[in-house]
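Counting along the sequence shown from 1, when you hit position 304 you're at 348 in my numbering, and nothing is skipped either side. Every residue gets a Cβ at the ideal spot worked out from N, C-alpha and C, and that includes glycine.
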Amino acid sequence: MSESDSPISSSTLEYYRVLPEPLGPPPRERYWLHALLLAATCFTTLVVGARMEFNFLYNLPQFAAGDEYLPFFPIAWILAQPSRLLLGIPFSATLLGILFSHEMGHYLFCRYYGVRATLPFFIPAPTLIGTLGAVIRIKAPIRTRAALFDIGIAGPIAGFVVAVATLAVAMNLSKPLSPSIGQSDLHIGFPWIFYLMQGALRSVAPHHIVAVLPLTRIYLHPTAVAAWVGMFATALNLLPSSQLDGGHIVYAIAPRAHRIISWLTVIALALLGRMYVGWRVWAGLLIVMNVLSYRQQQAPKYPMLPPNRWPLAVLALIMLALTFTVSPFQMNWR
């Protein structure tokens, strides 16, 4: 039977809403674990943010950490003077706010559709940004394609909106790159949303120095770096493959095409690895995810996705185009 031959039809949104079923008492939420991971992630992002703010204030290379550029996790620098952690508040609060918004978008729509899910788990890590992001665990099946679509797209939209608002403010806090700043070993590439935001700034403040300089000549404020991370996370999540948000969206739209599109995404990332080696790592991760989820049905094929979701699908594609960058990190090896 083709999708067009499905005997199930409805034009109302309420039909597609999944009501909770009596599946027994829900497991107790481990609030202590959420709190512990959040506290640890606050600390790791404060460490990174403090050094970024220090570098910004004193015109040092953005990702410099004393005499070393990489790895950029200046814990010894913080332990020498713990009060420096306060410098990291703008970066940490901004980044965690964007990640929290993304995950709560998923969580709230899970609640709406009666799908059991946990609160966000933040993941601390001694990395360039102090975290590996945040996740929620969905503990019940998603019973319609509409529910899968809404849950999948809600996170990227929420995180994108907060990141855009943050970037609008953070661009005004940024400054021209001083000629006295030494050559950094690490540079970030800019997605299209940064160019659009700079154009918007130019239209309202044509004489603003940040509005007229090339982005490569602008020293981003740490909150702008946090917005950049939020955009990068949005792009990664919207990749149309496997169990990523973009994969859920594709499955909700066209279940039969999901597997093909997932593998085409892997091939595209492998080819982009010529520009940035990290894409090959992501291609490898997606291969594993595709293999592990080979026989997993994300949602029933019927009822079909209602037509009123198509504009949101186009929005997801636009968000991916605006936030994706072919070469997010560029290294100058000494």
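Check                                                                                                                                               : Outcome
Below 8 angstroms between beta carbons: does that hold for A198 and A271?                                                                           : no
Cα separation between A79 and G177?                                                                                                                 : 15 angstroms
Measuring straight from C-alpha to C-alpha, what distance separates A214 and L139?                                                                  : 12 angstroms
Whole angstroms is fine: what's the gap from Y113's alpha carbon to L230's?                                                                         : Reliability fails at Y113, whose pLDDT of 47 lies under 50, so the model's placement of it is uncertain and the value that follows must be treated cautiously. Computed Cα separation, rounded: 8 angstroms.
Using alpha carbons as the reference points, say which of V358, M348, S286, V370 lies closest to G317.                                              : V370
Using 8 angstroms as the Cβ pair cut-off and three pairs as the minimum, do the region 182-196 and the region 245-265 touch?                        : no
By alpha-carbon positions, which one of P347, L349, Q342, T309 ends up nearest to L330?                                                             : T309
I need the boundaries of the beta strand (DSSP E) containing F166, first residue and last residue.                                                  : 165-168
With DSSP collapsed to three states, give me the class of G177.                                                                                     : strand
Rounded to whole angstroms, what is the Cα-Cα separation between A212 and F135?                                                                     : 15 angstroms
Taking only three categories from DSSP, how would you classify Y263?                                                                                : strand
Please list the terminal residues of the continuous beta strand (DSSP E) segment that includes L230.                                                : 230-232
Return the CA-CA distance between W326 and V332, expressed in angstroms with no decimal places.                                                     : 10 angstroms
Would you mind reading off the limits of the alpha helix (DSSP H) that contains S247?                                                               : 236-248
Less than 8 angstroms between the beta carbons of I262 and V254, yes or no?                                                                         : yes
Can you give me the start and stop residues for the alpha helix (DSSP H) that R324 sits inside?                                                     : 322-336
According to DSSP, K219 sits in a beta bridge with which residue or residues?                                                                       : Y263
Locate the alpha helix (DSSP H) running through N99, then write down its first and last residues.                                                   : 75-101
Pop quiz: L90 and L123 are said to be a contact at Cβ under 8 angstroms. What is the actual Cβ separation, rounded to whole angstroms?              : 13 angstroms between Cβ atoms; not a contact.
Give the straight-line distance between the Cα atoms of F204 and I225, rounded to the nearest whole angstrom.                                       : 31 angstroms
Would you kindly work out how many angstroms separate the C-alpha atoms of H292 and P185, rounded to a whole number?                                : 13 angstroms
By Cβ distance below 6 angstroms, which residues in the same chain neighbour N334 in space, the five residues on each side in sequence not counted? : S286, S306
Are P164 and I142 close, meaning C-beta to C-beta below 8 angstroms?                                                                                : no
Based on the DSSP secondary-structure assignment, which residues constitute the bridge partners of I182?                                            : A161
The alpha helix (DSSP H) that contains T171, what's its start and end?                                                                              : Segment: none, T171 is in no alpha helix (DSSP H) and carries neither H nor E.
Does the distance from the CB of V92 to the CB of G149 come in under 8 angstroms?                                                                   : no
Which residue comes first and which comes last in the alpha helix (DSSP H) that contains F107?                                                      : Segment: none, F107 is in no alpha helix (DSSP H) and carries neither H nor E.
For A94, tell me which candidate among W76, P126, Y295, L77 has the shortest Cα-Cα distance.                                                        : P126
For L282 and A314, what's the separation of their Cα atoms in angstroms?                                                                            : 17 angstroms
Which partner residues of Q374 appear in the DSSP bridge assignment?                                                                                : H231
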